[in-house]
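The UniProt record's numbering numbers the first residue of the sequence shown as 1 and each following residue consecutively.
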Amino acid sequence: MSTPSKRRKTNNHQSSPQTVGSLDFFFSKQKGDSAPKKTDENARFQDFSNGHLGSQGRDSNDVETQTLTDEEYARKLQAEWEEQDRVLAAPPFESTEEPKDVQAIKDDEFVQEADVTSNHQCGSSQQQDVATDHAPMPLQVNGSQKKDTLSLQSATSAEDAISSTVPFDENPLTFDPSNYIPNLKKHWATEGSNASYGLLTRCFVLVNSTQSRIKIVDTLVNFLRTVIEGDPQSLLPAVWLATNAISPPYISLELGLGGSAISKALKKTCMLDNAGLKTLYDKYGDAGDVAFEAKKRQTYTLRKPKPLTINGVFESLVKVANSKGTGSQEFKQRIVERLLQDSQGAEESRYLVRTLCQHLRIGAVKTTMLIALSRAFLLSRPEGATFGIRIQSDLAKLKKEGLAEVYSKGEELVKACFARRPNYNDLVPCLLEVGISDELLLRCGLGLHIPLRPMLGSITRDLSEMLTKLQGRDFSCEYKYDGQRAQVHCDEQGKVSIFSRHLEVMTDKYPDLVALVPQIRGEGVSSFILEGEVVAIDQETGDLKAFQTLTNRAKKDVAIESIKVAVCLFSFDLMYLNGEELLDRPFRERRELLRSLFVEIPNRFTWVKCIDATSSDSDTVLEFFKSATDIKCEGIMVKVLDNVPNPALQTDENHDDDLETALSPPAQTRPSKKTKSKPKPTAPDKAEEKTSGTRRKPLLSTYTPDKRLDSWLKVKKDYSTTSDTIDLIPIAAWHGSGRKAKWWSPILLAVRNPTTGSLEAVTKCISGFTDKFYKENKERYNEETGENLIARPGYVEYVGRPDVWFEPQEVWEMAFADVTKSPTYLAAIGLVDEERGLSMRFPRFLKVREDKSIDEASTADFLAELWFKQEARGAVAVKDIKEEDDVEG
Numbered sequence: 001m002s003t004p005s006k007r008r009k010t011n012n013h014q015s016s017p018q019t020v021g022s023l024d025f026f027f028s029k030q031k032g033d034s035a036p037k038k039t040d041e042n043a044r045f046q047d048f049s050n051g052h053l054g055s056q057g058r059d060s061n062d063v064e065t066q067t068l069t070d071e072e073y074a075r076k077l078q079a080e081w082e083e084q085d086r087v088l089a090a091p092p093f094e095s096t097e098e099p100k101d102v103q104a105i106k107d108d109e110f111v112q113e114a115d116v117t118s119n120h121q122c123g124s125s126q127q128q129d130v131a132t133d134h135a136p137m138p139l140q141v142n143g144s145q146k147k148d149t150l151s152l153q154s155a156t157s158a159e160d161a162i163s164s165t166v167p168f169d170e171n172p173l174t175f176d177p178s179n180y181i182p183n184l185k186k187h188w189a190t191e192g193s194n195a196s197y198g199l200l201t202r203c204f205v206l207v208n209s210t211q212s213r214i215k216i217v218d219t220l221v222n223f224l225r226t227v228i229e230g231d232p233q234s235l236l237p238a239v240w241l242a243t244n245a246i247s248p249p250y251i252s253l254e255l256g257l258g259g260s261a262i263s264k265a266l267k268k269t270c271m272l273d274n275a276g277l278k279t280l281y282d283k284y285g286d287a288g289d290v291a292f293e294a295k296k297r298q299t300y301t302l303r304k305p306k307p308l309t310i311n312g313v314f315e316s317l318v319k320v321a322n323s324k325g326t327g328s329q330e331f332k333q334r335i336v337e338r339l340l341q342d343s344q345g346a347e348e349s350r351y352l353v354r355t356l357c358q359h360l361r362i363g364a365v366k367t368t369m370l371i372a373l374s375r376a377f378l379l380s381r382p383e384g385a386t387f388g389i390r391i392q393s394d395l396a397k398l399k400k401e402g403l404a405e406v407y408s409k410g411e412e413l414v415k416a417c418f419a420r421r422p423n424y425n426d427l428v429p430c431l432l433e434v435g436i437s438d439e440l441l442l443r444c445g446l447g448l449h450i451p452l453r454p455m456l457g458s459i460t461r462d463l464s465e466m467l468t469k470l471q472g473r474d475f476s477c478e479y480k481y482d483g484q485r486a487q488v489h490c491d492e493q494g495k496v497s498i499f500s501r502h503l504e505v506m507t508d509k510y511p512d513l514v515a516l517v518p519q520i521r522g523e524g525v526s527s528f529i530l531e532g533e534v535v536a537i538d539q540e541t542g543d544l545k546a547f548q549t550l551t552n553r554a555k556k557d558v559a560i561e562s563i564k565v566a567v568c569l570f571s572f573d574l575m576y577l578n579g580e581e582l583l584d585r586p587f588r589e590r591r592e593l594l595r596s597l598f599v600e601i602p603n604r605f606t607w608v609k610c611i612d613a614t615s616s617d618s619d620t621v622l623e624f625f626k627s628a629t630d631i632k633c634e635g636i637m638v639k640v641l642d643n644v645p646n647p648a649l650q651t652d653e654n655h656d657d658d659l660e661t662a663l664s665p666p667a668q669t670r671p672s673k674k675t676k677s678k679p680k681p682t683a684p685d686k687a688e689e690k691t692s693g694t695r696r697k698p699l700l701s702t703y704t705p706d707k708r709l710d711s712w713l714k715v716k717k718d719y720s721t722t723s724d725t726i727d728l729i730p731i732a733a734w735h736g737s738g739r740k741a742k743w744w745s746p747i748l749l750a751v752r753n754p755t756t757g758s759l760e761a762v763t764k765c766i767s768g769f770t771d772k773f774y775k776e777n778k779e780r781y782n783e784e785t786g787e788n789l790i791a792r793p794g795y796v797e798y799v800g801r802p803d804v805w806f807e808p809q810e811v812w813e814m815a816f817a818d819v820t821k822s823p824t825y826l827a828a829i830g831l832v833d834e835e836r837g838l839s840m841r842f843p844r845f846l847k848v849r850e851d852k853s854i855d856e857a858s859t860a861d862f863l864a865e866l867w868f869k870q871e872a873r874g875a876v877a878v879k880d881i882k883e884e885d886d887v888e889g
């Protein structure tokens, strides 16, 4: 077999195959000895993988070393290298011809791990940069430089012991960052004065150890306060890493790392082969846990890791995301390996890998992080800042209600800012400058070409419930078109941006709408932000087409001349006009501005069809609802027109009470133990606590970004009081039997827990699927290729063992008979029963919700609300089943 140097590529600066000589072979070349050629590529790879010694790091052809333990073999090598240093002390080794195997090692970028002397220079500038980042400083002996050598290091001693002692889980009103910052700064000073990644890992470990939302928020608050006071420059990267993102949705910046890249890095840095990696995956089911176990088993390493910093990790991820074009995958691979090599301890490895897999799952979702930020800046400020903060001792004296009021003001301010400008790059620097103050909202106001988070409508199950909620109010009923929600921005120069409801850029997808903007903008309009629904349409007849037709349209780089699916924008709201925000204006006024200042173009740009009505116009509303469903609309949207109720509609109050009583049985029909076991009320409970009737709630007609309020209600054609539906995420499946043996059946589905970020299994489904769907589903989740299949994820709450786990990526709309308590499924546990979760009887698949992401799937709270609603109706379905059983008995 030829030597590695003969196999390497030499013509285009690309990396050679990842095979290198063993350590003995490498050093024998420096000594001038002739080394035998290796015949086992795996032995060469394992002999020198990232500078780590392990049971697989010995030459499989070396009989002598096979009888030595890991530590004995490492010490033997160390003795040889020390002897080599003594021999080569004078004069220094010089050579004009580079050993072939040394060059092979360089090509595979392991030379920096070996700490080779500066006499052996790297072959390419890129490799020189990589080597320089990690090469240790030459040792000084009596004023002269000593040649660098590989030294035996304990892997366990490399852990960040300083950060791991900070009690972030302490009460924020007693936690004092100044008690820990001096020692932390001394520790950070040795590595560039930036906060260490170990500090963030410490926070992750504590957050992951509890399911208490209060404890999670407290831990994040204390961590953020420590960074704010100790290293403010690391705050923004820390927030991005804790929220498992590196950019907002409207900026296309994705890691683009496949499972193979992470697997390769794990095998190299942790000395694993394919079989060992698979064994760990099968046992732990989470890539981060695999990295944790592999790192924990390492006893010695040849090079002490260079401690990671929060800034450094974040910048590395940004480099990975920005890497494009030829050679980008190799570049990404090197960065991933470097991060894992430098991780200190098993916990850092765990959370690095989870970050790379984009499944951090520590519960620091958007809302939790915003709450933590608001509380952190209420108690702390960076050195030199002058904005006001609250004294901990003063807050500690407040009662629970008073403290909640103080907190809530700051939380609502921060949430409102983020809803208007959903980018931590804008929010965090402003917080560092002005803290929790009214100026924050001025700095984080609406901005052109920066999407605001859209306002959402609450679900009502039928028209009667909607009319009850809006008693005494004037409202508008609008067609709910079956299309794609769009937010259109235009500035004074005519630049146009279009965003989806998920804040993703759709400008390239709809160049026909971009070209339409100059025609629809009236004379007095210079800049605007409007919202509407993009619907596939026959522009000659005006007939609406199904949403599936719209999905056939290309998503990127669409040329106007190649468009085959014509669309119409049905506008329904105006949020920004000529440099002024309109969010606080009543809906009636916003709608009037939209219709008076913009030009309608039939079948291309128009307004949603609507009627104005009151609760006394039930027949008119019903006819309008039927007309909407007849033309393939999903249903209707109902929106409050004015901020104050209509006095003329308040005379029918007694009738309103009778209607509400008939539709909604008294709250005391719920089990009494619910209030004892669950101190926090659900959303319906809160509404009942605030007011005795939903119609009396102070509903505002303003536009509230990122809120789901009763001032906007949606009534869909598939909603009814007797047939609820729920949006679930398919997460796993079993091999079918009999006729379904070649398909996945049954399929496990889950609701999401927005607080913890986990998915909670709720039911199995075998009903409602067609053979065609089964076949497509099997192809989508392909067992042979592994496409869209994953190892058992750590973020799923389920005690069973499915045959395969799906990568969560779809939302399915499901019908069911009723909601039941279950000892098997953990969904909504603690919301209804402290020991049992909720499941559904006779679930039936309806359709794939292509218009929804998994972040919009139904939540555990929604499932609990369905349970309470069912109980309020008297649990009719359950009683019928019991009566049938009694008759049969």
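Note that the Cβ used here is the ideal one computed from N, Cα and C, for glycine as well. Treat the numbers as computed from the prediction; the structure is a model and nothing was measured.
Which residues DSSP lists as bridging residue i, in chain order
i, result
"Leu577", "Phe528, Glu580"
"Glu760", "Val751, Glu797"
"Ala566", "Its beta-bridge partners do not exist; DSSP assigns none."
"His735", "Trp744"
"Asp727", "Glu813"
"Lys847", "Glu813"
"Glu807", "For Glu807, which the question treats as bridged, DSSP gives no partner whatsoever."
"Gly837", "Ser822"
"Lys714", "Ile459, Met637"
"Phe547", "The partner list for Phe547 (beta bridge, DSSP) is empty, contrary to what the question assumes."
"Cys765", "Ile747"
"Phe412", "A small fix is needed here, since residue 412 is Glu in this sequence, not Phe. In DSSP, Glu412 forms no bridge with anything."
"Ser393", "The partner list for Ser393 (beta bridge, DSSP) is empty, contrary to what the question assumes."
"Phe605", "Leu569, Ile601"
"Leu789", "Phe806"
Beta-carbon spacing of residue i, residue j below 9 Å
i, j, result
"Leu582", "Leu593", "yes"
"Ile228", "Leu235", "yes"
"Glu540", "Asn643", "no"
"Ala385", "Leu432", "yes"
"Ser701", "Phe587", "yes"
"Pro808", "Leu503", "no"
Proximity to residue i [Cα-Cα], best of the options
i, options, result
"Pro843", "Thr755, Ala815, His449", "Ala815"
"Ile726", "Lys267, Ala864, Val832, Arg604", "Ala864"
"Gly635", "Lys555, Leu463, Asn578, Ala242", "Leu463"
"Leu749", "Glu783, Ala857, Trp712", "Ala857"
"Gln493", "Thr460, Asn646, His449", "His449"
"Asp851", "Phe845, Asp482, Val517, Arg588", "Asp482"
"Asp855", "Ala827, Val811, Ala817, Phe862", "Val811"
"Leu266", "Ile310, Leu352, Ile362, Gly800", "Leu352"
"Lys332", "Arg381, Glu315, Glu347", "Glu315"
"Lys775", "Tyr197, Lys742, Asp273", "Lys742"
"Leu446", "Phe769, Asn578, Ser193", "Asn578"
"Lys545", "Asn552, Ile537, Thr551", "Ile537"
Distance between beta carbons of residue j and residue i, contact taken as under 8 Å
i, j, result
"Tyr781", "Trp744", "6 Å"
"Val608", "Tyr479", "6 Å"
"Gly345", "Asp160", "7 Å"
"Arg350", "Ala291", "6 Å"
"Tyr576", "Ile529", "4 Å"
"Ala416", "Leu224", "In fact, because the Cβ distance is near 19 Å, the residues do not count as touching under 8 Å."
"Leu241", "Ile310", "7 Å"
"Leu597", "Val525", "5 Å"
Heavy atom of the ligand SAM within 8 Å of residue i beta-carbon
i, result
"Lys397", "Of the ligands one can find in the structure shown there are none, so the ligand SAM has no counterpart to examine."
For the region 432–519, list the alpha helix (DSSP H) runs that are entirely contained and at least 4 residues long, ordered along the chain. 438–443, 463–469
Ranges of the beta strand (DSSP E) found wholly within the region 216–266, counting only runs of at least 3: none
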